[in-house]
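Residue numbers (full-length UniProt numbering), protein chains in the order written: chain A, 1 to 726; chain B, 1 to 207.
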């Protein structure tokens, strides 16, 4: 399909919207209401363009203009500018944007003037300042002056829609993005326009927004009307250090941007990764970041003569470890790490375990079963024609997976990708899409997804898979025939089935998968359980799993809180003074995953990069560096001294090259995974420390003073240091 | 007790007018709202939630639809609900003065009911009677046209005595089998155009 935009002829797939045609041609169109993953509605009228098409004579030939060879099809222009987000580009269409058309430029400036008619100029105080689409577009496309001199409309400010989201009704420009988001993405019609005309405002009648995916509306609001209440008034957009990285609170691995200011993590916003989370993240990922900057351990702690943990230097901590481990065999030191650690950290730990001969090695949480079935990706889930969820509470285990399932219910339309990125207005996406609940079956306990499912089977998770393979009720027979009749079925397995799955489980699953042609997602227990499972981080013969850590002669426990200490000398490496850390002999400060560089593998097997955000964490160190200290204390040579060393280990041991991982991640299947007995794991997304304490600003400042928090400043004369290999 | 609990035949009748699909069920929203409004004079929040449950939607959605129309009320109205058209034509002809007069003499603001329970007032968008502006509608009964100061005083006086004067133009209420709207009194709508006289000086021709 040939379309001419501002005189440039481009070739586009049929069905492209006019706005995407302009962007494909390298032009620009301002817009507020259109959004990549929402239906185009043409509400804001900002994306006006002039357009015209050739017309045919009754005999099928084009109406021509000009004489002889110079003749070309005559373009019949629409008499007025058209909204380009809801208009489909057609063969031979001509489009003029503000770049070449004065009519369009004037129409857009007029529309801008109209939108700003009642918009308060809160820019000096508004949190959206610096990232406000209205501000930017007013600068680029507005007149710079208004002919309307009267008082602006006044409406309620600081209107809480929930604990997390604050609405400023005055700033709302009625683009309807938030309304459409709730209806189309999580399938909850909890926001809508109330009243009409000049009195229209956004509100809910449900007594507040449901927790789950409500935070996304603060991202997509093009103005400062909907704001993240956890981050509100914490900084201006240009003051934040923006770090695109990966969320590791659950195994989905959503793309996020971590905004830190003055060394404190103040805000998390969703990043775009079409293959994983599209543009959405869950509320836990967005609002549950407070622990990264609250009550952190910043120096090592060692136990003094009185039995108290006192701050110390790393050197003193290494000395204390040397004393503690003296007379002990290095193989007696059990090594445990949290399953949200990176692959590099896992490789370093595994190599150290090989060097010391430790048999008690474990990562937690994990399930003892390793699934061998065709792996489904998240895009497979979204484009499947049947999904069966067994024994999973996705709200606790992998919330964004739930959004991808809901995407499947409304047709699995994933907007096309152009040179300029995801299509800005995909005309196939419609408001109030028809849903196909009969394509979804949920077997297990009641959950949020339950309400959307066409087939619901109450079942105890443990035997659910076996019962599905040989159905004994009509409901289960219906689910099995759904799987058998589907062309692209996906089975999703959650904690209820994976916990304590017995030997016949894997055989049952592969049998079911091969019979129905289904792909499988077994939701791992933690963000990187899948990747760490491939690194032999499970107890060797005679070794102790984490659940029996108290029997170990000595232990090194990284970012885990089993609540017990080893029988002998115990070293804990953690970000906070947890119960386990309080029991330890030496506590080493750790960095959170927001501050790490490394790689994790998500539930579909995609390797995703972590990048370090600028968060103040004192002398905290990641696991690789901490292991060098541990190796020194144990008197062995550290196998990896930094990230690159650890990546070399990965390349060597599991043939994994991480040097040029694309930003969107890459799928990878490890040849072998290691499994072993594990304690049952109950996934919970929100932990106690993730909840923001509601402090007034006076309390907050008082607390910062008490914690002796200081503005991070560069030391006057940085000490000369030998370079590491990191 | 919920409003529709013992009105299953009525609910079934309303739903039978729409397709038997999720979208069809949502379409029954307006008649259900009308039913509650006619019976109780306004639609309370609990009724909104009840209708939402019946239609398979959310209370937010019900409130959104409801608030689009000025004919549905979220708060109780007086026995005489005075609706003043405030759109351009009426505004030019003095609806603001009429409104101010009503608000002052009745001592009642939008959303309130006067102390004696008789009056509530509301500004509404165009009622389509521009030729007879300013105009006022009382309840659903009909139009009071050309409401100047003296006419307003006469209307209020008789309303205070609970004698509602007949409207100048009763609103159409039903649509007959032939597709014509019929007035509350049974007369055909648009009867006011049957008595038109040809202006002097105009030649015949098409009417």
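Backbone N, C-alpha and C define an ideal beta-carbon position, used for all residues, glycine too.
Next item on the list: On the DSSP bridge assignment, give the partners of residue 241 of chain A in chain order.
Entry: Residue 241 of chain A is bridged by DSSP to A:260.
Notebook entry, point to check: Is it buried or exposed for residue 26 of chain A, if we count other Cβ within 10 angstroms and need 16 for buried?
Noted result: exposed
Notebook entry, point to check: For the candidate residues B:78, B:63, B:130, whose alpha-carbon lies nearest to that of residue 138 of chain B?
Noted result: B:78
Item checked: Three-pair Cβ contact test at 8 Å for the stretch 640–651 of chain A versus the stretch 377–394 of chain A -> No, the stretch 640–651 of chain A does not touch the stretch 377–394 of chain A.
Checklist line | Best match in A:668, A:625, A:595 for proximity to residue 608 of chain A [C-alpha to C-alpha] | finding: Closest by alpha carbon: A:668.
Note to self: Using only CA atoms, which one of A:406, A:423, A:356, A:422 lies nearest to residue 450 of chain A?
What the structure shows: A:406
Next item on the list: Please determine if the stretch 80–88 of chain B and the stretch 109–129 of chain B are in contact, where contact requires at least 3 C-beta pairs separated by less than 8 Å.
Entry: yes
Checklist line | Residues that DSSP places opposite residue 65 of chain A in a beta bridge | finding: A:72
Checklist line | Chain-order list of residues whose beta-carbon lies under 7 Å from that of residue 510 of chain A (same chain, five-residue window excluded) | finding: 372, 373
Next item on the list: Compute the Euclidean distance between the alpha carbons of residue 140 of chain B and residue 171 of chain B, then round it to the nearest angstrom.
Entry: The alpha-carbon atoms of residue 140 of chain B and residue 171 of chain B are separated by roughly 7 Å.
Checklist line | beta strand (DSSP E) segment containing residue 505 of chain A, residue limits | finding: Note, residue 505 of chain A: premise wrong, no beta strand (DSSP E); alpha helix (DSSP H) at 503–516.
Next item on the list: Under 7 Å between beta-carbons, which chain A residues line up against residue 61 of chain B? List them in chain order, please.
Entry: Within 7 Å Cβ-Cβ: 189, 192.
Checklist line | Interface flag, residue 205 of chain A vs chain B, CB-CB below 7 Å | finding: yes
Next item on the list: Please name the residue, chosen from A:598, A:486, A:587, A:80, that lies closest to residue 626 of chain A on a Cα-to-Cα basis.
Entry: A:587
Margin query: So, with DSSP's three-state summary, where would you put residue 181 of chain A?
Written below: helix
Next item on the list: Taking residue 48 of chain B as the query, report the chain A residues whose CB atoms sit under 7 Å from its CB, ordered along the chain.
Entry: Annotation: Cβ neighbours of residue 48 of chain B in chain A (cutoff 7 Å, chain order): 205.
Check: residue 119 of chain B lies in the beta strand (DSSP E); which residues open and close that run?
Finding: 119–124
Check: For residue 615 of chain A versus residue 292 of chain A, is the C-beta spacing smaller than 7 Å?
Finding: yes
Next item on the list: Give a yes or no on whether the minimum CB-CB distance between residue 195 of chain A and chain B is below 7 Å.
Entry: yes
Notebook entry, point to check: With a CB to CB cut of under 8 Å and the five nearest residues on each side skipped, what residues in its chain are close to residue 383 of chain A?
Noted result: 408, 412, 414, 488
Margin query: Between A:13, A:605, A:209, A:1, which has its C-alpha nearest residue 426 of chain A's C-alpha?
Written below: Ranked by Cα distance from residue 426 of chain A, the first of A:13, A:605, A:209, A:1 is A:13.
Check: Are residue 632 of chain A and residue 589 of chain A touching if we call contact CB-CB under 7 Å?
Finding: no
Notebook entry, point to check: Between residue 206 of chain B and the rest of its own chain, which residues show a CB-CB distance below 7 Å, the 5 nearest in sequence each way excluded?
Noted result: The predicted position of residue 206 of chain B is uncertain, since its pLDDT is 45 and thus under 50; no value can be drawn from it.
Check: residue 64 of chain B touches chain A at which residues, Cβ-Cβ below 7 Å?
Finding: 192, 193, 194
Next item on the list: Output yes or no for whether 7 Å exceeds the beta carbon distance between residue 258 of chain A and residue 132 of chain A.
Entry: no
Next item on the list: Compare the C-beta of residue 58 of chain B with all C-beta atoms of chain A and state if any pair is closer than 7 Å.
Entry: yes
Check: Going along the chain, which residues of its own chain have a beta-carbon closer than 6 Å to the beta-carbon of residue 217 of chain A, five neighbours each way excluded?
Finding: 178, 181, 226
Next item on the list: Could you confirm whether any beta carbon from chain A is found closer than 7 Å to the beta carbon of residue 44 of chain B?
Entry: With 7 Å as the cut-off, residue 44 of chain B does not count as an interface residue toward chain A.
Checklist line | Nonlocal neighbours in the same chain, by C-beta distance under 7 Å from residue 74 of chain B, ignoring five residues either side | finding: 42, 43
Note to self: Please tell me whether residue 68 of chain B has its Cβ less than 7 Å away from any Cβ of chain A.
What the structure shows: Interface residue, yes.
Checklist line | Through-space distance from residue 203 of chain A to residue 369 of chain A, alpha-carbon basis | finding: 47 Å
Notebook entry, point to check: Quick one, are the C-beta atoms of residue 419 of chain A and residue 440 of chain A less than 7 Å apart?
Noted result: no
Notebook entry, point to check: What three-state label does DSSP hand residue 324 of chain A in the structure shown?
Noted result: Secondary structure of residue 324 of chain A (DSSP, three-state): helix.
Check: Alpha carbon to alpha carbon, how far is residue 158 of chain B from residue 71 of chain B?
Finding: Cα to Cα, residue 158 of chain B sits roughly 24 Å from residue 71 of chain B.
Checklist line | Beta-carbon proximity check, residue 164 of chain A vs residue 237 of chain A, cutoff 7 Å | finding: no
Check: Which one of A:264, A:303, A:367, A:629 has the shortest CA to CA distance from residue 709 of chain A?
Finding: A:264
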